[in-house]
Amino acid sequence: AVVSTQSTGSPVLTRAAAECISNEYAKLRTSDNSGNKSKTLPITARALETLIRLSTAHAKARMSRTVEKEDAEAAVELVNFAYFKETLKKKKKRREREASESESDEDEDDPFRLMRKTGSDLEKR
695 AVVSTQSTGS
705 PVLTRAAAEC
715 ISNEYAKLRT
725 SDNSGNKSKT
735 LPITARALET
745 LIRLSTAHAK
755 ARMSRTVEKE
765 DAEAAVELVN
775 FAYFKETLKK
785 KKKRREREAS
795 ESESDEDEDD
805 PFRLMRKTGS
815 DLEKR
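Numbers in the numbering used here are just positions in the sequence shown, counted from 1, shifted up by 694.
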């Protein structure tokens, strides 16, 4: 099946997504200054740009015209994994919990599972 999309430019950040990104960036800057994380990577304005670009890319992958909070959360998860090798432990939704009963626990720590889930949701349409 061929999917055609209009070239409408870049998705627009919603207020919720912008707040999520700015809050996470502030946390990254605070943790960088306090030295809580063992790393040699300073957190600069490039980290903020990265969060925005990853959020936008996730929204584009969903073929959305707006960057939602879920896109920002996916970007935050990817950045935390890339910078600190950290993964988020989220509460699973009922449908996801039922589907994952047959999957291994290793998939839970995979930072790219959100993108694969989004792709499989698009295939179902």
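Glycine included, C-beta positions come from ideal geometry on N, C-alpha and C.
Distance, residue j Cα to residue i Cα
i: Glu-780; j: Val-770; result: 11 Å
i: Val-773; j: Thr-760; result: 20 Å
i: Arg-756; j: Tyr-777; result: 25 Å
i: Ala-739; j: Ser-716; result: 11 Å
i: Asp-765; j: Arg-807; result: 13 Å
i: Pro-705; j: Arg-810; result: 20 Å
i: Ala-751; j: Glu-767; result: 12 Å
i: Ser-749; j: Ser-725; result: 22 Å
i: Arg-747; j: Ala-712; result: 12 Å
i: Ser-758; j: Phe-775; result: 25 Å
i: Asp-804; j: Thr-708; result: 26 Å
i: Cys-714; j: Gly-703; result: 22 Å
Contact set for residue i: own chain, Cβ-Cβ below 7 Å, skip 5 residues either direction
i: Tyr-719; result: Ala-741, Leu-742, Leu-745
i: Arg-723; result: Ile-737
Element boundaries [alpha helix (DSSP H), containing residue i]
i: Lys-754; result: 739 to 755
i: Phe-806; result: Element bounds for Phe-806: n/a, residue is neither H nor E.
C-beta atoms of residue i and residue j nearer than 8 Å
i: Lys-754; j: Ala-710; result: no
The ligand GDP heavy atom lying under 7 Å from the CB of residue i
i: Thr-760; result: Among the components of this structure there are no ligands whatsoever, and the ligand GDP is therefore not found.
Beta-carbon contacts of residue i that lie in its chain and below 6 Å, excluding the five residues immediately before and after
i: Lys-721; result: none
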